[in-house]
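Numbering (UniProt numbering), first residue to last: 1 to 305.
We put the CB at the ideal spot given by N, CA and C, even for glycine.
Predicted model only: the values in this text are computed from it and were never measured.
Below you'll find the structure, written out as structure tokens, and then a few comments.
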């Protein structure tokens with residue numbers, strides 16, 4: 001059986017992945033699977049820069065708004081769901097396109113991941129449970145920077161599991177998870193969008209300003225008022241920075257500046273991870289030739305035997 005071709009568009013937040021993916025999907029009769037670990041959650045719209053129905057422009061999207069924030073959506077779940085949709089889209093005669101910035105999730109689709117199913121050390125786990133999120137994440141960053149770049153500080157369950165696996169196996173969690181051979185079912189083309197760092201940071205700052213204009217504070221307050229502030233999904237960038245403001249411990253301007261700062265740092269970690277962990281064909285974003293260059297690469301890829 002021939003391999004299923006899949007176009008994968010990755011890159012840091014605010015670099016322009018969404019608009020490029022829509023244009024490619026229109027020209028290539030494609031459908032899009034979101035490769036974003038946050039956009040699966042209902043109610044997290046503005047803070048995750050979730051694509052709107054208007055922006056979709058008639059292109060069908062998958063893995064957006066599929067679960068509640070209180071229900072964890074793991075990398076293993078993403079792998080299974082994405083593989084299912086790839087085959088369904090291909091079976092319908094259309095081109096599967098994955099778009100997003102969650103490298104660990106996207107990589108898991110095309111490589112046979114081992115999701116840390118080794119044995120447990122309950123005593124060691126209990127010791128870790130007593131530590132706060134920041135201390136745990138710093139431990140992970142020291143032992144395995146690649147995993148720390150992909151696991152959010154407030155995803156305590158995942159951080160602890162990574163530390164536990166390394167404790168049991170004696171090797172980095174990032175090495176334990178992924179096998180080097182591509183899954184034989186798929187033929188992926190990994191396209192990465194890059195942008196001058198200053199321009200990217202300017203875009204990120206502007207995006208956060210727009211989020212505030214669109215009603216981010218109200219969205220975050222509604223989640224906060226539902227007592228969801230401790231749910232890992234809600235502790236993501238764009239929400240957690242506003243909680244001190246709701247509690248009278250910071251100003252709104254301080255919260256905005258912190259969201260911008262954390263988003264810039266996140267973009268830097270994304271770029272580092274993609275460059276170190278995946279074989280990506282990079283394209284300069286934000287130019288008059290970006291879409292043409294991407295189309296040429298995809299056309300060549302699809303026509304190759």
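Can you tell me which residues form a DSSP beta bridge with residue i?
i	result
residue 284	194
residue 122	Residue 122 is not bridged to any residue.
residue 61	32
residue 96	31
residue 8	98, 190
residue 169	Answer is none; residue 169 lacks a bridge partner.
residue 163	Note: residue 163 sits in no beta bridge, so no partner.
residue 140	DSSP output for residue 140 lists no bridge partner at all.
residue 182	111
Grouping DSSP H, G and I as helix and E and B as strand, with all else coil, what is residue i?
i	result
residue 239	coil
residue 103	helix
residue 35	coil
residue 74	coil
residue 224	helix
residue 187	strand
residue 13	coil
residue 289	coil
residue 113	coil
residue 131	coil
residue 67	strand
residue 44	coil
residue 49	coil
residue 154	coil
residue 56	helix
Of the residues the options, which one's Cα is nearest the Cα of residue i?
i	options	result
residue 233	34, 72, 53	72
residue 359	137, 163, 10	This structure cannot speak to residue 359, because the chain is shown only from 1 to 305.
residue 121	84, 294, 164	164
residue 19	39, 87, 93, 54	54
residue 263	235, 205, 290	205
residue 285	293, 127, 279	293
residue 156	172, 132, 171, 143	132
residue 196	218, 242, 268, 93	268
residue 89	61, 21, 169, 219	61
residue 81	96, 229, 92, 63	63
residue 169	185, 143, 189	143
residue 124	94, 97, 167, 92	167
residue 23	37, 59, 39, 38	59
residue 76	291, 91, 51, 113	113
Where does residue i land, buried or exposed, given buried means 16+ other C-beta within 10 angstroms?
i	result
residue 265	exposed
residue 304	exposed
residue 296	exposed
residue 2	exposed
residue 252	exposed
residue 48	buried
residue 45	buried
residue 208	buried
residue 213	exposed
residue 70	exposed
residue 171	exposed
residue 226	exposed
residue 135	exposed
residue 13	buried
residue 30	buried
residue 184	exposed
residue 275	exposed
residue 149	buried
residue 158	buried
residue 222	exposed
residue 21	buried
residue 216	buried
residue 101	buried
residue 249	exposed
residue 302	exposed
Return yes when the Cβ of residue j is within less than 8 Å of the Cβ of residue i, no when it is not.
i	j	result
residue 99	residue 17	yes
residue 4	residue 187	yes
residue 110	residue 182	yes
residue 11	residue 210	no
residue 282	residue 146	no
residue 106	residue 35	yes
residue 129	residue 151	no
residue 7	residue 271	no
residue 103	residue 277	yes
residue 83	residue 65	no
residue 245	residue 255	yes
residue 140	residue 126	no
residue 40	residue 189	no
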